[in-house]
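The block underneath contains the structure these notes are about, expressed in structure tokens.
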């Protein structure tokens, strides 16, 4: 299996790709491969050397469920990622065969997260985030709104 490695699960492109020889210095990264039987990319998060959540790009639940059961049975959480535009996507989240919520993500021209809305299984907003970056493309401010608390938290970097 030939893997490519990325900083994020959101976009697999040259801007987000990282070299395999730099992985040991990363706390988190994502590996992806092309699965010909499903005609899609499949990725997995690596956090501190342990692989977890699976990401299926451009497929629906019915198309991947038996594949997931056969190849990733030990991984409870998986995500179905579908592009809406060049820099926007929707990610449906599952635990086993149960839908647990979804994310709507918008990124800037450098594929850095600009806005993220997180919803539960009933489409109720759980969290809304906005990020601001400096001209040098480093995170400047992170704003998080939590509807259940009716509060906004801001952090400057």
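In my numbering, the protein residues as written are 1400 to 1556.
C-beta: ideal position from N, C-alpha, C; glycine also.
Because the structure is a prediction, the values reported are computed rather than measured.
| Query | Result |
| --- | --- |
| With burial defined as no fewer than 16 other Cβ atoms inside 10 Å of the residue's Cβ, what is the status of residue 1453: buried or exposed? | buried |
| Any idea if residue 1499 is buried or exposed, counting beta-carbon neighbours within 10 angstroms, 16 or more meaning buried? | exposed |
| Spatial neighbours of residue 1538 within its chain, please: CB distance less than 7 Å, with the 5 preceding and 5 following residues excluded, ordered by chain position. | 1530, 1532, 1556 |
| Using only alpha-carbon positions, find the residue among 1553, 1535, 1536 that is nearest to residue 1543. | 1553 |
| Do residue 1471 and residue 1430 have their C-beta atoms within less than 8 Å of each other? | no |
| Can you grab the Cα-Cα spacing for the pair residue 1427 / residue 1448, in whole Å? | 8 Å |
| Drop a sphere of 10 angstroms on the beta-carbon of residue 1492, count the other beta-carbons inside from all chains shown, and report buried for 16 or more, exposed for fewer. | buried |
| From residue 1441 to residue 1549, what distance separates their C-alpha atoms? | 37 Å |
| Let's test the definition: count the other Cβ atoms within 10 Å of the Cβ of residue 1368 and tell me whether it reaches 16, buried, or not, exposed. | Nothing about residue 1368 can be reported from this structure: the residues present for the chain run from 1400 to 1556 only. |
| Work out the CA separation of residue 1534 and residue 1464 for me, nearest whole Å. | 43 Å |
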